Amino acid sequence: MKVLTDTLNFKDSKTGESFSEKFEYPVYESVQEAINSTSEEAVLKTINRMVKVDSRNTASAKAQAALGINQRTLSEEQKLANKEKAKADRDLLAKIKANPELLASLGIK
Numbered sequence: 000m001k002v003l004t005d006t007l008n009f010k011d012s013k014t015g016e017s018f019s020e021k022f023e024y025p026v027y028e029s030v031q032e033a034i035n036s037t038s039e040e041a042v043l044k045t046i047n048r049m050v051k052v053d054s055r056n057t058a059s060a061k062a063q064a065a066l067g068i069n070q071r072t073l074s075e076e077q078k079l080a081n082k083e084k085a086k087a088d089r090d091l092l093a094k095i096k097a098n099p100e101l102l103a104s105l106g107i108k
């Protein structure tokens, strides 16, 4: 099991003030490791909770789309700009990965 750290960033809707909160969570290499670390009942409970959350999110997104609520629609120009930016980002990443000297100078192995 590994323990990962992440940061939650959020903004107070009343004041506009930004906040960050660090949190940790376990990442298991296998279901058996999760069972050994907790219990079979805890793992089943977590799986069932996540299936419910995923199902609710999907149902909510479908209902909102059907009702025209909270839809994020992009113009063709925005879509093209996003595709071009993504391609440029991929190309830059490929160049960085292909240059071991650059990675070494940044302390990346």
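Be aware that the sequence shown starts at 0, since it is given in numbering that gives the first Met the number 0, and climbs by one per residue.
The beta-carbon is built from N, C-alpha and C at its ideal position, and this holds for glycine as well.
All values derive from a computational prediction rather than experimental measurement.
- Taking the CA atoms as reference points, K94 sits about 43 Å from T37.
- According to the DSSP assignment, K1 belongs to the beta strand (DSSP E) that extends over K1 to K10.
- In the DSSP secondary-structure assignment, Y27 is not bridged to any residue.
- Per the coordinates, the alpha-carbon of Q63 lies some 6 Å from the alpha-carbon of N69.
- Around the beta carbon of A97, fewer than 16 other beta carbons lie within 10 angstroms, which makes this residue exposed.
- Distance from S19 to L7 at the Cβ level is roughly 7 Å; contact confirmed, criterion being Cβ atoms closer than 8 Å.
- Here E32 is actually not in contact with V2; their C-beta atoms are around 13 Å apart, not less than 8 Å.
- Distances from the CA of V42 to each of R55, V26, S54 and T57 were compared; the closest alpha carbon is that of V26.
- Between the C-alpha atoms of V50 and E28 there is a straight-line separation of about 20 Å.
- Taken atom to atom, the span from the alpha-carbon of R89 to that of E75 is near 21 Å.
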